[in-house]
Each structure stands twice: as C-alpha cells, then as structure tokens.
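Engineer: Take this structure, written in structure tokens, and hold onto it; I'll ask about it next.
Have a look at this one:
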C-alpha cells in the first residue's frame, strides 16, 4: 500500500461495481423514479386537468377574463416564488422528506379548491396548490440530478418528458370528461388526490438517499424579499390595462415597490445572506446566465401563450371540454417523441447543444405559425402548427436544465436547478399575466365594436366577461367567437419574438462535455462530504 507523504496510507480505490462505488444500479434508479415520476405527474396534472374546466368554472362562479387568468396565475405565482426556496432547502434537508411535504401541501390546496364557493376562495386555494407544485417541480429535478450523472441523465430525462406528455394529454381529456359528467368541474380537483397519495407512499418505499448533515442557515429575509418583489410585479402586470391604466399612479407605485424589493433582495443575496436562496455567484458562469435568460423567454413565450389554447378551442370554435382536450394530442405527441428521442441520443453521444438550438428554432416557427390562426382556420392546420411547437418544447425544456446541472458542483445542485425552474416559472407567470391582460383588452374591444355594429348596447353584455356561449343568440355568439379567434392569433404573434431571444441565448451557450459521475463532484467540493455521501449510498444500497 502506498504511503502518503507525511501521513497515513491512501485509501484503496473503490470497486468498479455500481453498488460498491455508491452509484445506483439501473434497477434501483427505476424503482426510485416510480415515486418521483408519479409526483411530477401530479404537479403537471394540477394545471392540465383544470385547463378545459376553466371556462365552465368561470361561468359557474360568475368570474371574468381577469379571474380566468388569475386561476392560472395564482398557481404559477406561488410556484415561481417558492421554487428557489425549495431548491435551497434541498441542499440543507432530506430531499425525500421535502418531496413528501410538497405532496401534502398540494393535497390540502386541492381539497379546498374542490369546495370553493366563489372565485376568491378558488384563487386562494390555487396559491396553496402552487406552493406544493413549486416543491415538486424543483425537487424532482434535484433528486434525479443527485442519483444520476449528467451523461446518463438524458436517458432518464426522456421518462420525465413522457410523464409531462402523459399528464398534458390525459389531463385535458380527464378534465373534459369530468366536467361533462355529473361530477362537474369540482371533480377536477379531486382526481389528482389518489395519485398524490400513491406517490407519497411510493417515495417512502423506494427512495433512499443519504442525508448529508451540515449546519443549516436559511435565508428568510432574502426569501421574503424575492417572493414580495415577484408577487407585486405580477399583480401589476395582470391588472394593468383592465383595473387601471398602464400609465396610472397605481402602475408607478406597484412597479416602484416591486423593483425596490427585488433590489433589496439582490443586496441581501450578495452581501448579507450566509447561504443565499439564489447564489448570485452562479451567474458568473456563462452557461448558467444564458440558460437563465433563455428560461425566462421560454416560459414567457411557451407557457404564456399555450395556456390559452384550450380557451381558444372552447370560446372561438365552440368545442366541449372533452373535444378541446383531444385537440392537445397534436402538441403533446410532438413533445413526447422529441423528449424521448433527444434524451436517448444525448446519452449515447454526450452532445446536447444541437437539440437546444434546433428545438428553439421549432418553437419560434410554431409560435409564428399559430400567430396566423383565427376562428376559421382549419383544425388540421392548427394541429400541424401545435405539433411543431410540441417537438420544439420537448427538445428544449429538459435540456436547458441539463446544461446548467452539468456546470455546477453537486453541493449547489439544488440551488442551480431551482434557479432555472424559478426563472422559467417567472417567465411563464409574466407571460400568462401579461398576455391574459392583453387578451382581455383585445377581446373586450372587438366585442364592443361587434355588438355596436349589431345595434346592441354593451351594458347588457359585459365585454370583459366570459359568457356561456351556448346560451347566447347566434349573432351575439358569432361576435364573441370572432373576437376570441382573432385575439388568440395576436397572442401567439406577440410571444414569438421572446422565443427568438431564447434561440439567440441557446446559440451562444458553450457546449461542455457531460460528466459521467456525480461522486467526483462531491469530492472536488469537499472530501469529507464525498466520504459521507459514499458511505451513505453504499449503506442504502445494501438494505
């Protein structure tokens, strides 16, 4: 045995087997993934199963287009604001316990939402749901990154893409069937509860990760300032133009308050916090900075526009919730195929940038083509445009996270993964809010003009509300359908330039070879942590 200079003998190299080296076998990873993927399915289902029910919900609870937007934004806002907090907690506490806690929070929010008597309670319960979804979205990515090396992660990212596709396809279909059944829209909030409970128990049985103990210092001040700043700006974006003018004193007050809070958060994160929620030094890395900007643009362009597709099919084309759900198959089919194929090829070749660039190019093309639709466009043509957008989304979303995870040490994997998810969710929240406000304004203007041309006063037809189209006289229904149809095309056209910015960002990212091991990154960060992790993984694998 070789003697280290001036010290004890060096430890022997670990055996090559996966179990003894601390690396999980393929079977162990698949067992652990069962609960994680089910948890991710629950997170995705929370929005997709409700999407086709929203027009019925808003009509039943006497809501408006602003209320429609806020049922979506409330969840995204809570998810966005808490994602970096969940990511930071993942670097400090048991990841398994945190995922289970997120599931419990989600279940509580879902029960309250199912019993909501009005729009206010429904929106509040969606905030609670968003807290849980934020945890699931951030933590599943972190746990997978902990278990699997970046080179192999592409292989398993395909499973994530498949789950995303399954939830996106089955959610609208299940939601549409439930809304059209005796259960009504309230059943949409109950349907995910069995999946959440099953995910909780599967995680308890199959997920075994070592917990690396270290002193815990949570940045409460930074978290509060970040949540407050982001929330105020999103409230401003969603209400401006409808509740008050863009150039009003309300705008000045809200923007000033939001910017000041975020500036204070930047100071706290860079100068005060011992363990910041968002470690600003991560942005010294070019890949992380570009991927973060791209994530904001991707969220704004894709989520901000596609969330209204279901409303387009129901309000502009007169479809039922079930029929609107069937229309999503084109986009999700493209997403499913591209996520699986890109993940497999990335694992085989280690090359990922071409998929990012090609995927974003298809996103730009898909949004631009969808910008040409109105209430008369052929459904076959719309399906083709949606398929192109889905292919681009499948090749982009998971691989942006992969590029960032490949550039950080394992000790900061939670924070870095959450940063990408945070900015993507923030972009999506801004997109949903801003585009929803714009959609409401455009529809109101077109409805007012259309009704005036028929000699009908808008006092009897609130142009900002979403009526039950089936109950309207044919001429009035035609006015609403035309207004919605034209306005949706404009929404996609406005989203397309943001996707172009994302395309430029991913084109500038430098491709770094994917790592083939996670343990070596722990060793670089801290030999003590590496030793403890190795011991913990080996002990878990022997159980």
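In our numbering, the protein residues as written are -6 to 536.
Heads up, the beta-carbon is just placed ideally off N, CA and C, and yes, glycines get one too.
The structure presented is a predicted model; accordingly, all values stated were derived computationally and were not measured.
Counting beta carbon pairs with one atom in the segment 422 to 440 and one in the segment 369 to 376, are three or more of them shorter than 8 Å?
Structural biologist: The segment 369 to 376 vs the segment 422 to 440: no contact.
Engineer: Indicate whether residue 410 and residue 134 have their beta-carbon atoms separated by less than 9 Å.
Structural biologist: Yes, Cβ-Cβ distance for residue 410 and residue 134 is below 9 Å.
Engineer: Helix, strand or coil, according to DSSP, for residue 237 in the structure here?
Structural biologist: Strand.
Engineer: Pick from 70, 278, 294: whose alpha carbon is nearest that of residue 353?
Structural biologist: Among 70, 278, 294, the Cα nearest to that of residue 353 is on 294.
Engineer: Starting from residue 268 and walking both ways along the alpha helix (DSSP H), at which residues does that stretch end?
Structural biologist: Taken as a continuous stretch (DSSP letters only), residue 268 belongs to no alpha helix (DSSP H), as it is neither H nor E.
Engineer: Hey, how far is the Cα of residue 101 from the Cα of residue 124?
Structural biologist: Looking at the two C-alpha atoms, the distance is approximately 11 Å.
Engineer: Pull up the distance between the alpha-carbon of residue 512 and that of residue 400, whole angstroms please.
Structural biologist: Bear in mind that the predicted position of residue 512 carries a pLDDT of just 44, short of 50, making it unreliable; the figure below should be weighed with that in mind. The straight-line gap from Cα to Cα measures roughly 14 Å.
Engineer: For the pair the segment 471 to 484 and the segment 427 to 445, tell me if three or more CB-CB distances fall below 8 Å.
Structural biologist: In short, these stretches touch, since the Cβ pair count reaches three.
Engineer: For residue 339, which three-state DSSP category applies?
Structural biologist: Residue state, collapsed to three classes: helix.
Engineer: Using CA coordinates, which residue listed in 414, 355, 278 is at the minimum distance from residue 388?
Structural biologist: It is 355.
Engineer: Within 8 Å, do at least three Cβ pairs link the segment 221 to 239 to the segment 109 to 127?
Structural biologist: Flag = no, the segment 109 to 127 and the segment 221 to 239 do not touch.
Engineer: May I ask you to report which of helix, strand or coil DSSP gives residue 471?
Structural biologist: Helix.
Engineer: In terms of alpha-carbon separation, which member of 187, 152, 251, 202 lies closest to residue 217?
Structural biologist: The option with the nearest alpha carbon to residue 217 is 251.
Engineer: Could you check the C-alpha separation between residue 176 and residue 51 for me, to the nearest Å?
Structural biologist: Using only the alpha carbons, I get a separation of about 16 Å.
Engineer: Alpha carbons only, please: which of 48, 21, 468, 189 is nearest the one belonging to residue 104?
Structural biologist: For the residues 48, 21, 468, 189, the minimum Cα distance to residue 104 belongs to 189.
Engineer: So for residue 173, helix, strand or coil by DSSP?
Structural biologist: Looking at residue 173 - three-state DSSP - the assignment turns out to be coil, as it is neither helix nor strand.
Engineer: Do residue 280 and residue 397 come within 9 Å of each other at the CB atom, strictly closer than that value?
Structural biologist: Yes.
Engineer: When the distance is taken between beta carbons, is residue 449 closer than 9 Å to residue 436?
Structural biologist: Not a contact, by the Cβ cut-off of 9 Å.
Engineer: Looking at the structure shown, is residue 503 part of a helix, part of a strand, or coil, going by DSSP?
Structural biologist: Residue state, collapsed to three classes: coil.
Engineer: Buried or exposed: which applies to residue 258, given that a residue is buried once 16 or more other Cβ atoms fall within 10 Å of its Cβ?
Structural biologist: Buried, by the Cβ-count rule.
Engineer: Can you tell me the Cα-Cα spacing of residue 160 and residue 254, whole angstroms?
Structural biologist: The straight-line gap from Cα to Cα measures roughly 36 Å.
Engineer: For residue 109, does the three-state DSSP call read helix, strand or coil?
Structural biologist: Residue 109: coil per DSSP, three-state reduction.
Engineer: Helix, strand or coil: how does DSSP classify residue 36 here?
Structural biologist: If DSSP states are grouped into helix, strand and coil, residue 36 belongs with the helices.
Engineer: Is the segment 191 to 204 close to the segment 323 to 340, with three or more CB pairs under 8 Å?
Structural biologist: Touching, no.
Engineer: Would you kindly work out how many angstroms separate the C-alpha atoms of residue 92 and residue 129, rounded to a whole number?
Structural biologist: Roughly 6 Å between the two C-alpha positions.
Engineer: Would you list, in sequence order, the uninterrupted alpha helix (DSSP H) runs of no fewer than 4 residues that lie entirely inside the segment 342 to 406?
Structural biologist: Whole alpha helix (DSSP H) segments, 4+ residues: 346 to 363, 372 to 398.
Engineer: Does the segment 302 to 321 touch the segment 283 to 293, meaning 3 or more C-beta pairs lie closer than 8 Å?
Structural biologist: Short answer: they don't touch.
Engineer: With a threshold of 9 Å between beta carbons, is residue 331 in contact with chain C?
Structural biologist: This model lacks chain C altogether; it includes just one protein chain.
Engineer: Helix, strand or coil: which one does DSSP assign to residue 178?
Structural biologist: Residue state, collapsed to three classes: coil.
Engineer: Nearest by alpha-carbon distance to residue 184: which of 417, 43, 236, 329 is it?
Structural biologist: Ranking the options by Cα distance to residue 184, first place goes to 43.
Engineer: To the nearest whole angstrom, what separates the beta carbons of residue 489 and residue 360, a pair I think is in contact under 8 Å?
Structural biologist: About 4 Å; that satisfies the 8 Å criterion.
Engineer: Between residue 390 and residue 417, is the Cβ-Cβ spacing less than 9 Å?
Structural biologist: Yes, Cβ-Cβ distance for residue 390 and residue 417 is below 9 Å.
Engineer: Could you check the C-alpha separation between residue 27 and residue 35 for me, to the nearest Å?
Structural biologist: Near 12 Å, if we compare the C-alpha coordinates of residue 35 and residue 27.
Engineer: With C-beta atoms as the reference, is residue 94 less than 9 Å away from residue 106?
Structural biologist: No. Outside cutoff.
Engineer: Under 8 Å Cβ to Cβ from residue 312, same chain only, skipping five residues before and after it: list those, please.
Structural biologist: Around residue 312: 306, 320.
Engineer: How close, in whole Å, do the beta carbons of residue 126 and residue 99 come, if the pair is a contact with beta carbons under 8 Å?
Structural biologist: Contact flag correct, Cβ pair sits at about 6 Å.
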